[in-house]
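Asks:
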Amino acid sequence: MLDDKDSLSLHEACGLFGVYDNDGLDVARLTYLGLYAVQHRGQEGCGIAVNNEGDIHGHKGLGLVPDVFSDRVLDRLTGKMAVGHTRYSTTGANTVENCQPLIVNYKNSRVALAHNGNLVNASLLRHELEDKGAVFQTSTDSEVIANLIFRYRLQFTSIEEVLTETIRTIQGSFAIVMLTPKRLIGIRDPMGIRPLCIGRLDNSYILASETCALDSVGAKVIRDVEPGEIVLIGENGIESIRVSDLPRRLCVFEHIYFARPDSFIDGASVYHARLEAGRRLAKEHPVEADLVIGVPDSGLTAAIGFSRESGIPYGEGFIKNRYVGRSFIQPQQSQRELSVRIKLNALRNEVRGKRLVMIDDSIVRGTTSRNIVQILKDAGATEVHMRISSPPVMYPCHFGIDIPSRSQLIAASHSVEEIRNFLGADSLGYLSVGGLVESPKSLPNHGFCTGCFTGTYPMAVPEEADKLVMEHAGHRPSRACAALDEE
């Protein structure tokens, strides 16, 4: 899906990377490279924390990885372990205070924590913690996790007990990578809604949101962290604790849009899942046309699958301006359509006089899709048949996708025919829920969270999602969490 703030397109979850060094590696620069590989999961801010013989410190800031880190900054981030984070704000505003990793002080020691996901009981837990004397300096649900760890550390003697109790308390989606004075730790929520994997680089170990990050640093994939599992990496290698054993409910949007196509999640190739989704889409919604094209970038692979199944030739219909970032200043309301045209332009000689099948991964509000259809017709396409490689998005997501309200979703209040008419497309077809969940070729008995399509969630959720819910409460600054130093 073309990223466009005016269209309320879906935003990625956060990206995680961690390393435990047994080979004399430059852990800060290795983490820097790993964060580059998961930059697609969050572009608002990033950070790296390192453990240098028990002294945990770091650096964070707003912006992309190369904007926040310089050689001078990386030179002073030395140690045996590191964790890194790229952020998109699913809970809390986009401020430097909300960037991660967070560093928590306890008992003359420190823990660094980086979190990908969204807690559905964060506000309730925060109020309970405040009633017991806790104060907060950020508005993120990640700091709720940090404060729980701080609290339980006063009650239990081992970090294993602390983390087990924390997992049993928090609800929602979470993949966590953290540093203690002696270990690198990875945690995945009991349903595995958010991904996390383990890799090995010679004698060193790596944790990452996606396998593409392991590939980027030359590491080999060992396995995925299992749902409800705590992985502790230290001098004795890898230790594992399984806290729960619930049915898997991986967010299916990882395969539709979030993850990089070259990643594997829970044993399934993201690229082949998107190919299969396109193939099934061609079976469910056939059409007579001259050319199949995809909307860059996440619609391209499904378009190839549609082409192979239908026999309609695949081609390029668009050129994407890759130098227009997420901070692009939107034109005035009267010129909104220009923001799409600056980011995307049709190849006129390829589309002129042709009946087109245009593949995209999803439709949120529909304004960007309508502008893209118009771009193709202005370039001379005789017909534009729109095919979507996922079902209609009809419900909010509470687990890390920025869909806060049904009122912002065109499919929640309009029929497929009404949406087609609004888009100006000649026909419109969505992939079925059944076709979608069967597209990833994965492990046996694999399940998915499809709540944003069906309204059926794997756990109790609030009536509406609000990523600024803890901003509204007017919370006070905290001394419980020590901020990373910024420059």
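Counting in the working numbering, the sequence shown runs from -9 upward without gaps. For every residue, glycine included, the Cβ atom is placed at its ideal position computed from N, Cα and C. The model shown is predicted, which means the values in this text are computed figures rather than measured ones.
Could you give the C-beta distance for P303 and V285, rounded to a whole number, given that I count them as a contact under 8 Å?
Replies: Actually they do not touch by this definition, with Cβ atoms about 17 Å apart.
Asks: What three-state label does DSSP hand G284 in the structure shown?
Replies: In this structure, G284 counts as strand in the three-state DSSP scheme.
Asks: Name the two residues that bound the continuous alpha helix (DSSP H) containing F164.
Replies: It is not in any alpha helix (DSSP H) - F164 instead sits in the beta strand (DSSP E) that spans G162 to L169.
Asks: Exposed or buried, which one is G35 when buried takes at least 16 other CB atoms within 10 Å?
Replies: Classification of G35: buried, given that the 10 Å Cβ count is 16 or more.
Asks: Would a C-beta distance cut-off of 9 Å place I175 and I135 closer than the cut-off?
Replies: No. Outside cutoff.
Asks: Applying the criterion that 16 or more other CB atoms from any shown protein chain within 10 Å of the CB defines a buried residue, is T291 buried or exposed?
Replies: Looking at its Cβ environment, which holds 16 or more other Cβ atoms inside 10 Å, T291 is buried.
Asks: Between the alpha carbons of L197 and I391, how many angstroms are there, rounded?
Replies: About 22 Å.
Asks: Can the beta-carbon of C480 be found closer than 9 Å to that of D252?
Replies: Because the chain here runs from -9 to 477, residue 480 falls outside it and cannot be looked at.
Asks: Starting from the C-beta of V363, find all residues in its chain whose C-beta is less than 8 Å away, skip the five residues before and the five after it, and write them out in chain order.
Replies: The answer, listed in chain order, is M348, V374, M376, L413, G414 and A415.
Asks: Assuming G437 contacts R178 under a Cβ cut-off of 8 Å, what Cβ separation, rounded to an integer in Å, is found between them?
Replies: Rounded, the Cβ-Cβ distance is 15 Å, inconsistent with contact.
Asks: Rounded to a whole number of angstroms, what is the C-alpha to C-alpha distance between R184 and N339?
Replies: Taking the straight line from one Cα to the other gives about 42 Å.
Asks: To the nearest angstrom, how far is the alpha carbon of H105 from that of D131?
Replies: Taking the straight line from one Cα to the other gives about 9 Å.
Asks: If we call anything under 9 Å between Cβ atoms a contact, is G32 one with G48?
Replies: Not in contact: G32 and G48 (Cβ atoms no closer than 9 Å).
Asks: Mind checking L114: buried by the 16 CB within 10 Å criterion, or exposed?
Replies: The residue in question, L114, is exposed, as its Cβ has fewer than 16 Cβ neighbours within 10 Å.
Asks: Report all residues from its chain with a CB closer than 6 Å to the CB of L20; omit the five preceding and five following residues, and keep chain order.
Replies: V9 and V207.
Asks: Using only alpha-carbon positions, find the residue among A267, N98 and H388 that is nearest to D45.
Replies: Minimum Cα distance to D45 is reached at N98.
Asks: Under 6 Å Cβ to Cβ from E396, same chain only, skipping five residues before and after it: list those, please.
Replies: The amino acid occupying residue 396 in the given sequence is Arg; Glu does not appear at that position. Result list for R396: A402, in chain order.
Asks: Where DSSP assigns a beta bridge to D416, which residues make up the other side?
Replies: None, per the DSSP bridge assignment.
Asks: What's the call for K542, buried or exposed, on a 16-neighbour Cβ count within 10 Å?
Replies: With the chain running from -9 to 477 in the structure shown, residue 542 is simply not present.
Asks: Is it buried or exposed for E407, if we count other Cβ within 10 angstroms and need 16 for buried?
Replies: So E407 counts as exposed.
Asks: If you run the structure through DSSP and keep just helix, strand and coil, what is V125?
Replies: Coil.
Asks: Just to confirm the assignment, what range does the alpha helix (DSSP H) spanning K367 have?
Replies: Note, K367: alpha helix (DSSP H), T357 to D368.
Asks: With burial defined as no fewer than 16 other Cβ atoms inside 10 Å of the residue's Cβ, what is the status of F7: buried or exposed?
Replies: Burial call: buried.
Asks: Please say whether G289 and D351 have beta carbons closer to each other than 9 Å?
Replies: Closer than 9 Å, so yes.
Asks: Three or more C-beta pairs under 8 Å: does that hold for the segment 52 to 60 against the segment 150 to 165?
Replies: Not touching, per the Cβ criterion.
Asks: For S199, report the span of its alpha helix (DSSP H) as first-last.
Replies: Taken as a continuous stretch (DSSP letters only), S199 belongs to no alpha helix (DSSP H), as it is neither H nor E.
Asks: What does the Cβ neighbour count give for I220, buried or exposed, with the cut at 16 atoms within 10 Å?
Replies: It is buried - the Cβ of I220 has at least 16 other Cβ atoms within 10 Å.
Asks: Specify, as a first and last residue, the run of the beta strand (DSSP E) that K310 falls within.
Replies: Element bounds for K310: F308 to K310.
Asks: Roughly how many whole angstroms lie between the Cα atoms of Y78 and E229?
Replies: One C-alpha to the other measures close to 30 Å.
Asks: State the start and end residues of the unbroken alpha helix (DSSP H) segment that holds R62.
Replies: Per DSSP, R62 belongs to the alpha helix (DSSP H) from D61 to D65.
Asks: Sorted by chain position, which residues of the same chain lie with C-beta nearer than 8 Å to E43's C-beta, five sequence neighbours on each side aside?
Replies: So the qualifying residues of the chain are G69 and K70.
Asks: Can you name, in chain order, every residue of its own chain whose Cβ lies under 6 Å from the Cβ of Y26, other than the five neighbours on each side?
Replies: Around Y26: V55.
Asks: Leaving out five residues on either side along the sequence, give the residues of the same chain with a beta carbon under 7 Å from the beta carbon of S297.
Replies: If we look at S297 and ignore the five residues flanking it on each side, its Cβ neighbours are V282, P303 and Y304.
Asks: Tell me where the beta strand (DSSP E) around N335 begins and ends.
Replies: That run of the beta strand (DSSP E) goes L334 to A336.
Asks: Can the beta-carbon of F443 be found closer than 9 Å to that of V383?
Replies: Result yes, Cβ atoms of F443 and V383 sit closer than 9 Å.
Asks: Measure the alpha-carbon distance for E87 versus T128 and round it to whole angstroms.
Replies: When rounded, the distance between both Cα atoms is 6 Å.
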